[in-house]
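K.L.:
Taking the numbering used here, the leading residue of the sequence shown gets 114, the next gets one more, and so forth.
Virtual Cβ for every residue (Gly too), placed ideally from N, Cα, C.
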Amino acid sequence: MPELDIFAMTMAASVNLMALALAIPWFMEKKVSAATKRTQQFLLLQGLAWVLLLGSVLTEPPIWGAVLALLSFIASLISLRRLSRALESWLGPRPKLLQYLLATCSVLGPLGCLALFQFPVAQSAWLFASFGLCLFLVASMALRPQMAVGRLWRHLLFGVGLSMGLILLLRGFLLINPELLKQYVSNDESLQFLFSRAPQLGSMALLLAILLAWHDEAQRNKREQRRHDPLTGLPLRHALMQQAQTMLRRSQRSRQPFSIVLLEMDQLQQISHLRGNQVSNDALQLLSLVLQKQMRGDEVAARWRAESFCLLVHTDAAGIRALCTRLKSAIQLGMQHELHLHLSFSAGCVHVPEVWSELEFDDLVDEATRALNQARKAGPSGLKIISLQAPFHEQEPPAVPAQADADHT
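As structure tokens, then:
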């Protein structure tokens with residue numbers, strides 16, 4: 114076991130670093146995410162575990178020292194569960210096998226300590242081994258993310274968890290093998306140094322991985338904010354163009370129709386001059402809410418320009434007319450009830466019954482813009498739909514009808 118002064122210095126350094134980590138989200142002046150809250154809980158529970166462990170060393174009655182040591186172990190296991198939940202928020206769903214093994218070890222660990230209460234050496238070996246295994250399982254959850262995240266902090270967290278887990282397993286193994294413990298630990302200064310300094314180095318490296326994960330999350334949030342309109346919350350034009358290419362290829366593979374609808378609020382500039390920019394912003398926000406409710410899971414609504422929105426839908430011309438009718442009814446009802454306004458929109462649409470390989474999104478946007486201009490010229494609440502057919506060389510030849518059986522008799 115490490116000396117008391119080394120352990121005290123380890124605890125003091127860990128608590129100071131944890132306090133600094135807990136304060137960083139407020140220094141950044143950002144809304145604390147669910148993953149950040151869980152890592153804060155992890156660090157707080159880790160600090161509590163260190164305090165309880167130090168109390169178990171300082172407590173004179175052995176029974177109370179054993180109780181504090183068990184509470185420290187339980188607090189450490191709970192902290193690892195919180196860290197695993199944070200990794201799930203950062204990286205997406207984690208393998209169910211790892212989650213099941215972690216939950217099992219979290220239950221069997223304290224139960225084993227209670228069962229070995231009268232055997233202090235075996236109890237300590239069980240504690241080190243079970244906690245080392247839990248630490249390794251949590252570290253393994255940093256691999257194979259389901260979302261695009263940074264590599265550095267994930268690899269650092271995995272490396273720290275793997276190293277600390279192996280050290281704890283080795284320590285538990287040496288405890289139940291007193292001859293090896295006496296032969297190597299008492300004579301090998303490097304192994305003694307490893308056992309005494311590993312908690313310090315591991316805690317600092319783990320904290321660094323968490324700080325890097327927070328930084329990576331902040332950078333991803335900034336990129337996401339640049340992809341979305343701050344007023345309406347809808348994707349912006351650049352994000353829409355990337356999504357459109359994916360939808361075009363999907364439509365081509367599945368032979369689904371594809372349509373682009375450009376919507377523009379009628380007389381919104383006049384409303385802004387008469388009643389102020391806030392009212393016009395409220396109208397745009399109301400329209401965005403209606404669009405989000407009306408869009409299906411495989412369809413996209415985005416803000417195109419100041420007063421216009423773009424919809425990417427998999428439907429035919431009849432479906433477009435039905436969609437615009439539903440949108441106009443919902444918007445007119447919301448405008449009258451919320452803002453006491455009579456506003457609607459004009460819409461221009463380009464419809465492709467069958468997508469071909471050479472079709473480009475920019476070409477469709479040009480046609481949709483031309484259709485929107487024609488709809489606006491027709492007056493308020495206008496709708497114009499343009500249908501595009503595949504070039505002749507892209508069209509599949511018609512199937513040859515099979516001859517009737519009578520022709521072969």
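On the DSSP bridge list, what partners appear for lysine 497?
P.N.:
As a first step, residue 497 is located in the sequence shown; it is residue number 384 there, counting from the start. According to DSSP, lysine 497 bridges with Gly461.
K.L.:
What does DSSP give as the partner residue(s) for cysteine 423 in the beta ladder?
P.N.:
Taking the sequence shown and counting its residues from 1, one reaches residue 423 at position 310. Looking at the DSSP assignment, cysteine 423 forms a beta bridge with Leu375, Ala415.
K.L.:
Taking the continuous alpha helix (DSSP H) assigned at proline 223, which residues delimit it?
P.N.:
One-based indexing of the sequence shown puts residue 223 at position 110. Counting along the chain, the alpha helix (DSSP H) containing proline 223 begins and ends at 209 to 228.
K.L.:
Can you tell me the Cα-Cα spacing of alanine 331 and threonine 152, whole angstroms?
P.N.:
As a working mapping, residue 331 is identified with position 218 in the sequence shown. As a working mapping, residue 152 is identified with position 39 in the sequence shown. Distance between the alpha carbons of alanine 331 and threonine 152: 15 angstroms.
K.L.:
Would the beta-carbon of glutamate 412 fall within 7 angstroms of that of leucine 381?
P.N.:
On the sequence shown, residue 412 is found 299 positions in, with the first residue counted as 1. On the sequence shown, residue 381 is found 268 positions in, with the first residue counted as 1. Result no, Cβ atoms of glutamate 412 and leucine 381 do not sit closer than 7 angstroms.
K.L.:
Pop quiz: isoleucine 187 and proline 223 are said to be a contact at Cβ under 8 angstroms. What is the actual Cβ separation, rounded to whole angstroms?
P.N.:
Residue 187 sits at position 74 when you count from the first residue of the sequence shown. Residue 223 sits at position 110 when you count from the first residue of the sequence shown. That pair is a contact at about 6 angstroms.
K.L.:
Are serine 267 and alanine 255 closer than 7 angstroms when you measure CB to CB?
P.N.:
Taking the first residue of the sequence shown as position 1, residue 267 is located at position 154. Taking the first residue of the sequence shown as position 1, residue 255 is located at position 142. Here the sequence assigns arginine to residue 267, which means serine is not the residue at that position. Cβ atoms of arginine 267 and alanine 255: closer than 7 angstroms.
K.L.:
What do you reckon, are the CB atoms on alanine 484 and glycine 461 nearer than 7 angstroms?
P.N.:
The residue labelled residue 484 in the question sits at position 371 within the sequence shown. The residue labelled residue 461 in the question sits at position 348 within the sequence shown. Contact: yes.
K.L.:
Once you ignore the five residues that flank glutamine 516 on each side, which residues in its own chain have a CB closer than 6 angstroms to its CB?
P.N.:
Locating residue 516 in the sequence shown gives position 403, where the first residue counts as 1. Unreliable positioning characterises glutamine 516 in this predicted model, as indicated by a pLDDT of 43, which lies under 50. The coordinate reading is nonetheless provided below. If we look at glutamine 516 and ignore the five residues flanking it on each side, it has no Cβ neighbours.
K.L.:
Do you know how far the Cα of phenylalanine 241 is from the Cα of aspartate 342?
P.N.:
As a working note, residue 342 is residue 229 in the sequence shown. As a working note, residue 241 is residue 128 in the sequence shown. Those two C-alpha atoms are separated by around 51 angstroms.
K.L.:
In terms of residues, what are the limits of the alpha helix (DSSP H) holding glycine 272?
P.N.:
If you number the sequence shown from 1, residue 272 lands on position 159. Looking at the DSSP string, the run of the alpha helix (DSSP H) that includes glycine 272 is 265 to 288.
K.L.:
Do you know how far the Cα of leucine 221 is from the Cα of leucine 184?
P.N.:
Residue mapping note: residue 184 aligns to position 71 of the sequence shown, counting from 1. Residue mapping note: residue 221 aligns to position 108 of the sequence shown, counting from 1. Rounded to the nearest angstrom, the two C-alpha atoms are 14 angstroms apart.
K.L.:
Please state the DSSP three-state secondary structure of proline 348.
P.N.:
Taking the first residue of the sequence shown as position 1, residue 348 is located at position 235. Note: proline 348 maps to strand in three-state DSSP.
K.L.:
Could you compute how far the alpha carbon of glycine 285 sits from the alpha carbon of serine 202?
P.N.:
If you number the sequence shown from 1, residue 285 lands on position 172. If you number the sequence shown from 1, residue 202 lands on position 89. So the two alpha carbons sit approximately 32 angstroms from each other.
K.L.:
Once DSSP output is grouped into helix, strand and coil, what is the label at histidine 450?
P.N.:
Numbered from 1 along the sequence shown, position 337 holds the residue referred to as residue 450. Residue state, collapsed to three classes: helix.
K.L.:
When burial is assigned at 16 or more other CB atoms within 10 Å of the CB, is lysine 490 buried or exposed?
P.N.:
Taking the sequence shown and counting its residues from 1, one reaches residue 490 at position 377. Counting Cβ neighbours within 10 Å, lysine 490 comes out exposed, since fewer than 16 surround it.
K.L.:
Closest to leucine 320 by CA distance: which of His351, Gly274, Glu292 is it?
P.N.:
As a position in the sequence shown, residue 320 is number 207, starting the count at 1. Leucine 320 has its Cα closest to that of Gly274, out of His351, Gly274, Glu292.
K.L.:
In this structure, how does DSSP classify histidine 328 when only helix, strand and coil are distinguished?
P.N.:
In the sequence shown, counting from the first residue as 1, residue 328 sits at position 215. Note: histidine 328 maps to helix in three-state DSSP.
K.L.:
Report back the beta-carbon spacing between threonine 217 and leucine 375 to the nearest angstrom; my notes put them in contact at under 8 angstroms.
P.N.:
On the sequence shown, residue 217 is found 104 positions in, with the first residue counted as 1. On the sequence shown, residue 375 is found 262 positions in, with the first residue counted as 1. Wrong, their Cβ atoms sit about 55 angstroms apart, outside the cutoff.
K.L.:
Let's see if you can read the secondary structure: which residues bound the alpha helix (DSSP H) around alanine 148?
P.N.:
As a working note, residue 148 is residue 35 in the sequence shown. Note, alanine 148: alpha helix (DSSP H), 147 to 171.
K.L.:
Of all the options Thr172, Ala182, Ala199, Gly447, which has the alpha carbon lying nearest to the alpha carbon of serine 146?
P.N.:
Indexing the sequence shown from 1 puts residue 146 at position 33. Checked all of Thr172, Ala182, Ala199, Gly447; the closest Cα to serine 146 is Ala199.
K.L.:
When you compare the region 356 to 369 with the region 445 to 460, are there three or more beta-carbon pairs, one atom per stretch, that lie closer than 8 angstroms?
P.N.:
As far as the Cβ criterion goes, the region 356 to 369 does not touch the region 445 to 460, which means the pair count is below three.
K.L.:
To the nearest angstrom, report how far apart glutamine 358 and histidine 351 are at their CA atoms.
P.N.:
Start at 1 with the first residue of the sequence shown, and residue 358 comes out as number 245. Start at 1 with the first residue of the sequence shown, and residue 351 comes out as number 238. So the alpha carbons of these two residues sit roughly 11 angstroms apart.
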